[in-house]
Amino acid sequence: MSDEIRITAEPLDDQRCRFDVSRPVYPSGVRRFGSAADAQGSPLAEAIFAVAGVTEIIVSERTVTVAKQTAAPWPVVGKQVGAAIRAGLSGGAPPVAPEVRRTDPAQDDTLYERVAEIFATRVNPMVAQHGGRVDLIDVQDSTVLLRLAGGCQGCGMADVTLRQGIEALLRDSVPEVAAIVDITDHAAGTDPYFAASKK
Amino acid sequence: MPRPRLLLLLPSTTYRTAAFVEAARRLDVELTVASDHSNVFGAEQPAGLLALDFAKPERAVEEVRAFAMAHPLAAVVGVDDDTAIVAAAVAEALELPHNPFEAALAARDKHRQRVRLAEAGVPVPPFALRRLDEEPDRLARRASYPCVLKPLRLSASRGVIRADTPGEFVAALGRLRRILAAPDAAACGEPARWFLVESFVPGPEVALEGLLEEGRLHLLALFDKPDPLDGPFFEETIYVTPSRLPNQAQAALGECAARAACALGLRGGPIHAELRYNDAGPWLIELAARPIGGRCSQALRFGEGEGRASLEELILRHALGLPIATCERERVAASVMMIPTPRPGVLRAVTGVEAARAVEGIDEVLITAMGQELVPLPEGSRYLGFLFARAPSPAGAEEALREAHAKLGFDIVPPPVDAAPLAHRA
Chain A
761 MSDEIRITAE
771 PLDDQRCRFD
781 VSRPVYPSGV
791 RRFGSAADAQ
801 GSPLAEAIFA
811 VAGVTEIIVS
821 ERTVTVAKQT
831 AAPWPVVGKQ
841 VGAAIRAGLS
851 GGAPPVAPEV
861 RRTDPAQDDT
871 LYERVAEIFA
881 TRVNPMVAQH
891 GGRVDLIDVQ
901 DSTVLLRLAG
911 GCQGCGMADV
921 TLRQGIEALL
931 RDSVPEVAAI
941 VDITDHAAGT
951 DPYFAASKK
Chain B
286 MPRPRLLLLL
296 PSTTYRTAAF
306 VEAARRLDVE
316 LTVASDHSNV
326 FGAEQPAGLL
336 ALDFAKPERA
346 VEEVRAFAMA
356 HPLAAVVGVD
366 DDTAIVAAAV
376 AEALELPHNP
386 FEAALAARDK
396 HRQRVRLAEA
406 GVPVPPFALR
416 RLDEEPDRLA
426 RRASYPCVLK
436 PLRLSASRGV
446 IRADTPGEFV
456 AALGRLRRIL
466 AAPDAAACGE
476 PARWFLVESF
486 VPGPEVALEG
496 LLEEGRLHLL
506 ALFDKPDPLD
516 GPFFEETIYV
526 TPSRLPNQAQ
536 AALGECAARA
546 ACALGLRGGP
556 IHAELRYNDA
566 GPWLIELAAR
576 PIGGRCSQAL
586 RFGEGEGRAS
596 LEELILRHAL
606 GLPIATCERE
616 RVAASVMMIP
626 TPRPGVLRAV
636 TGVEAARAVE
646 GIDEVLITAM
656 GQELVPLPEG
666 SRYLGFLFAR
676 APSPAGAEEA
686 LREAHAKLGF
696 DIVPPPVDAA
706 PLAHRA
């Protein structure tokens with residue numbers, strides 16, 4: 761196997777960019793880092809937080825999603841993040857620490873159960889009408905990580921469903937949820953319910 | 286103090302959803318999204334989601350009026366040709382800042398627009414309105430050549446065909462009839478039974494992006510279209526800004542667009558205009574009371590540093606009466622390629638994406654049609670995706686796109702025999 765680490769960057773918007781990595785980054789699930797302090801002990805996350813402007817990192821399997829609050833464009837920041845990912849993967853230590861340093865893991869577990877219940881009883885029956893599905897990936901530091909699938913993946917109205925539907929519903933039902941992060945690869949969606957056209 | 290509520294009119298097949306929703310979030314307003322199909326969460330979230338028939342503005346007005354009794358609105362924003370009309374009608378009824386409904390209608394209808402512009406002395410190509418069911422040979426004899434056949438309502442060059450001879454005219458008309466018989470086009474009603482015959486205007490074409498404020502035009506960006514648009518079809522590919530035309534030509538184009546907007550009666554909000562320039566000066570080809578289509582707005586950023594704003598944020602700020610820091614585009618050159626559809630079929634795979642992303646200056650490679658049925662112009666209405674680049678110079682921004690595009694390979698397979706109609710499945 762080649763030692764070369766290949767990384768593909770795909771900006772999701774001005775603030776977020778997904779990096780697909782040719783090596784496993786965090787095979788055991790999904791983990792979110794909301795601050796540099798949170799990243800202590802995870803070399804990959806520490807290295808990425810050293811890049812100016814980075815505010816959030818989500819790692820899962822072979823994917824690293826990075827959020828920034830800086831005017832520097834992704835082609836510039838992305839190169840630095842790519843170098844940081846390589847540095848984080850090159851050391852002897854696991855790139856992401858196995859234990860999750862949550863501020864309140866018990867609360868996250870409780871939130872997970874409540875959100876999962878809502879997804880099962882209210883969200884998924886509704887999106888199923890359009891052939892869609894919403895997978896709850898995790899709740900970390902009160903942030904819900906989810907992935908859209910089926911007719912929702914790549915759908916032209918996915919952002920509306922996510923923000924005006926799912927987020928609003930969670931805001932009403934589980935006000936302790938701080939934020940929702942969609943880690944869907946929408947470009948890979950091949951069966952969107954609404955496909956965008958030229959105008 | 287309650288946050289202002291914005292009503293955003295988003296067709297279910299628009300590319301612009303994410304950009305507008307994100308801009309609204311940045312402004313921290315209460316958001317209601319109205320679309321032409323019910324959202325599955327509509328019953329759960331009645332304040333945030335509405336379904337409106339954009340083809341029937343009068344009915345939409347009544348429904349929004351009832352909605353606004355419980356949820357007062359501060360602004361209504363449409364994002365495309367049809368929703369711009371609905372937005373004007375709704376805003377007029379609710380006494381919110383808006384374009385006159387008549388002006389929005391005139392901007393939407395290519396014939397009505399040309400009549401108004403010609404009457405106001407705005408340079409437009411000579412044109413004639415024709416019925417689709419007239420005898421083709423007779424129409425061909427009456428045309429002068431080269432000419433362009435255009436449907437009244439379709440967008441993005443769909444159905445626009447150049448003819449240099451009577452024989453080409455007859456063939457083009459046959460094709461246009463088939464396009465306008467397609468269910469989504471025929472749904473336009475009466476406008477789908479007519480078309481325009483317009484003189485072909487030679488010369489480079491540009492796209493102008495502007496924001497009207499009390500009738501005054503702020504020129505946001507002037508895009509060159511470096512690939513020749515000489516027909517027989519008019520597939521748009523590359524846009525590059527700033528323009529490399531001489532300053533005098535750019536000023537004349539801006540002035541022409543401003544006169545056109547004024548002649549149509551437009552007062553506020555975004556405009557997107559297509560113009561040509563030749564020895565006779567500027568020519569107004571089209572003007573729409575909406576922002577640039579597709580994902581192309583991603584090429585535009587305004588201001589520098591942390592306060593940089595998207596085109597959508599500018600539009601929403603204007604609609605809500607919020608301050609706009611600047612309408613000056615960032616200093617670097619920017620470009621976008623609407624990746625053309627080379628042949629009909631279904632897009633199965635794309636190769637070379639990583640290599641394309643690695644091209645210096647490339648900001649983003651976005652494939653938007655994976656797994657979907659593709660139909661080239663003049664019948665089709667979908668791109669394979671978009672490439673975005675930024676560079677110190679317009680030439681560099683254009684070159685980056687061409688280099689990246691050359692690295693992409695598209696695996697397009699024949700569509701299944703029982704493929705669903707082109708329109709979405711809802």
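Protein chains in written order, with the numbering used here: chain A, 761 to 959; chain B, 286 to 711.
Just so you know, even glycine gets a beta-carbon here, dropped at the ideal spot from N, CA and C.
Determine the chain A residues that contact E684(B) at a beta-carbon separation under 8 Å, and present them in chain order. The residue you call residue 684(B) lines up with position 399 of the second sequence. Within 8 Å Cβ-Cβ: nothing; E684(B) doesn't reach chain A, min ~15 Å.
At which residues does the alpha helix (DSSP H) containing V875(A) begin and terminate? Here the question's residue 875(A) lines up with position 115 in the first sequence. Note, V875(A): alpha helix (DSSP H), P865 to I878.
For H690(B), report the span of its alpha helix (DSSP H) as first-last. In the second sequence, residue 690(B) corresponds to position 405, counting from 1. Its alpha helix (DSSP H) spans residues P679 to K692.
Neighbour list for Q657(B) in chain A, Cβ cutoff strictly below 7 Å: Start at 1 with the first residue of the second sequence, and residue 657(B) comes out as number 372. Within chain A, the residues near Q657(B) are A955.
CB contact check: M761(A) to chain B, cutoff 8 Å: For this step, residue 761(A) is matched to residue 1 along the first sequence. Confidence in M761(A) is poor, its pLDDT being 41 and thus under 50, which makes the residue's placement too unreliable to answer from.
Kindly indicate which residue of A799(A), S902(A) and R778(A) has the alpha-carbon position closest to the one of A857(A). By one-based count along the first sequence, residue 857(A) stands at place 97. When the alpha-carbon of A857(A) is set against those of A799(A), S902(A) and R778(A), the nearest one is in A799(A).
Under 6 Å Cβ to Cβ from V631(B), same chain only, skipping five residues before and after it: list those, please. Numbered from 1 along the second sequence, position 346 holds the residue referred to as residue 631(B). Closer than 6 Å at the Cβ level, and outside the excluded window around V631(B), lie E658, V698 and P700.
Tell me the start and end of each unbroken alpha helix (DSSP H) in the segment 328-380 of chain B that is at least 4 residues and wholly inside, in chain order. 342-355 and 366-378
Could you tell me whether the segment 898-905 of chain A touches the segment 929-949 of chain A, using the rule of 3 or more Cβ pairs below 8 Å? yes
Taking DSSP as the reference, what is the three-state secondary structure of K395(B)? For the purposes of this step, residue 395(B) is taken as the residue at position 110 of the second sequence. If DSSP states are grouped into helix, strand and coil, K395(B) belongs with the helices.
Assuming R893(A) contacts A909(A) (C-beta within less than 8 Å), just tell me the rounded distance between them. Within the first sequence, numbered from 1, the residue matching residue 893(A) stands at position 133. Within the first sequence, numbered from 1, the residue matching residue 909(A) stands at position 149. Correct: roughly 4 Å between the Cβ atoms.
Own chain, CB closer than 7 Å to E529(B), minus 5 neighbours either side, in chain order: In the second sequence, the residue the question calls residue 529(B) occupies position 244. A small correction: the amino acid at residue 529(B) is Arg; Glu does not occupy that position in the sequence shown. Closer than 7 Å at Cβ, skipping near neighbours: D509 and P679.
Buried or exposed: Q900(A), going by 16 or more other Cβ atoms within 10 Å of its Cβ? Here residue 900(A) refers to the residue found at position 140 of the first sequence. By the neighbour-count rule (16 or more Cβ atoms within 10 Å), Q900(A) is buried.
Decide if the segment 632-640 of chain B is in contact with the segment 911-929 of chain A; the criterion is three or more beta carbon pairs, one per stretch, under 8 Å apart. no
Considering just the uninterrupted stretch of the alpha helix (DSSP H) at P803(A), what are its terminal residues? The residue you call residue 803(A) lines up with position 43 of the first sequence. Per DSSP, P803(A) belongs to the alpha helix (DSSP H) from P803 to F809.
Name the one or two DSSP bridge partners that E494(B) has. What you label residue 494(B) is simply residue 209 of the second sequence in a count that begins at 1. According to DSSP, which records beta bridges pairwise, E494(B) is partnered with A506(B) and H557(B).
D313(B) to A947(A), Cα distance in whole Å? Position 28 of the second sequence, counted from the first residue, corresponds to residue 313(B). Position 187 of the first sequence, counted from the first residue, corresponds to residue 947(A). Answer to the nearest angstrom: the Cα atoms are 27 Å apart.
Candidates P784(A), P835(A), V819(A) and G842(A): closest to A810(A) by CA position: Here residue 810(A) is taken as the residue at index 50 of the first sequence, counted from 1. The shortest C-alpha separation from A810(A) is found at G842(A).
Looking only at DSSP bridge pairs, what is E420(B) linked to? Start at 1 with the first residue of the second sequence, and residue 420(B) comes out as number 135. In DSSP, E420(B) forms no bridge with anything.
So E649(B) contacts chain A; which residues on that side make the cut at Cβ distance below 7 Å? To locate residue 649(B), count along the second sequence from 1; it is residue 364. Against chain A, the beta carbon of E649(B) has neighbours under 7 Å at P771, listed in chain order.
To which residues does DSSP link D532(B) through a beta bridge? Translated into the one-based positions of the second sequence, residue 532(B) becomes position 247. First, the residue type needs correcting, since residue 532(B) is Asn and not Asp in the sequence shown. Its beta-bridge partners do not exist; DSSP assigns none.
Is it true that the CB of S442(B) sits closer than 8 Å to the CB of F519(B)? In the second sequence, counting from the first residue as 1, residue 519(B) sits at position 234. In the second sequence, counting from the first residue as 1, residue 442(B) sits at position 157. Yes.
Alpha carbon to alpha carbon, how far is G656(B) from R462(B)? Within the second sequence, residue 656(B) is the residue found at index 371, counting from 1. Within the second sequence, residue 462(B) is the residue found at index 177, counting from 1. Cα-Cα distance, rounded: 28 Å.
May I have the straight-line CA-CA distance separating A534(B) from D418(B), to the nearest angstrom? By 1-based counting over the second sequence, the position of residue 534(B) is 249. By 1-based counting over the second sequence, the position of residue 418(B) is 133. Going by the C-alpha atoms only, they are around 40 Å apart.
Residue ranges of each alpha helix (DSSP H) run of no fewer than 4 residues wholly in the segment 574-615 of chain B, ordered along the chain? 596-605
How about H709(B): is its C-beta nearer than 8 Å to some C-beta of chain A? In the second sequence, residue 709(B) corresponds to position 424, counting from 1. Reliability fails at H709(B), whose pLDDT of 36 lies under 50, so the model's placement of it is uncertain and no value is given.
Counterpart residues of M623(B) in DSSP-defined beta bridges: Position 338 of the second sequence, counting from 1, holds the residue named residue 623(B). In the DSSP assignment, the residues bridged to M623(B) are F671(B).
Find the residues of chain A that neighbour L505(B), judging by a C-beta separation of less than 7 Å, and give them in chain order. On the second sequence, residue 505(B) is found 220 positions in, with the first residue counted as 1. Near L505(B) there are no residues of chain A at all, since even the closest Cβ is about 18 Å away, more than 7 Å.
Is it the case that the Cβ atoms of F386(B) and P431(B) are separated by a distance below 8 Å? In the second sequence, the residue the question calls residue 386(B) occupies position 101. In the second sequence, the residue the question calls residue 431(B) occupies position 146. Contact flag unset, no.
Quick one: is K435(B) buried, meaning 16 or more other Cβ sit within 10 Å of its Cβ, or exposed? Mapped onto the second sequence, residue 435(B) falls at position 150. Buried: at least 16 other Cβ atoms inside 10 Å.
Neighbour list for F326(B) in chain A, Cβ cutoff strictly below 8 Å: Within the second sequence, the letter at position 41 stands for residue 326(B). F326(B) reaches chain A at M886, T921, Q924, G925, I926, A928 and L929, counting residues in chain order whose Cβ is nearer than 8 Å.
Please classify K839(A): is it buried, with 16 or more other beta-carbons within 10 angstroms of its beta-carbon, or exposed? The residue labelled residue 839(A) in the question sits at position 79 within the first sequence. Exposed: under 16 other Cβ atoms inside 10 Å.
Taking C-alpha atoms, which residue in D951(A), G911(A), D932(A) and D868(A) lies nearest to V325(B)? In the second sequence, the residue the question calls residue 325(B) occupies position 40. It is G911(A) whose Cα lies nearest to the Cα of V325(B).
Considering just the uninterrupted stretch of the alpha helix (DSSP H) at I464(B), what are its terminal residues? Against the second sequence, residue 464(B) aligns to sequence position 179. P451 to A466 is the span of the alpha helix (DSSP H), which, as asked, contains I464(B).
Relative to the C-alpha of P410(B), which candidate in E688(B), T298(B), Y300(B) and Y562(B) has its C-alpha closest? By 1-based counting over the second sequence, the position of residue 410(B) is 125. Closest option to P410(B), Cα to Cα, is Y562(B).
Quick one: Cα of P517(B) to Cα of V482(B), how far? Numbered from its first residue, the second sequence carries residue 517(B) at position 232. Numbered from its first residue, the second sequence carries residue 482(B) at position 197. Cα to Cα, P517(B) sits roughly 14 Å from V482(B).
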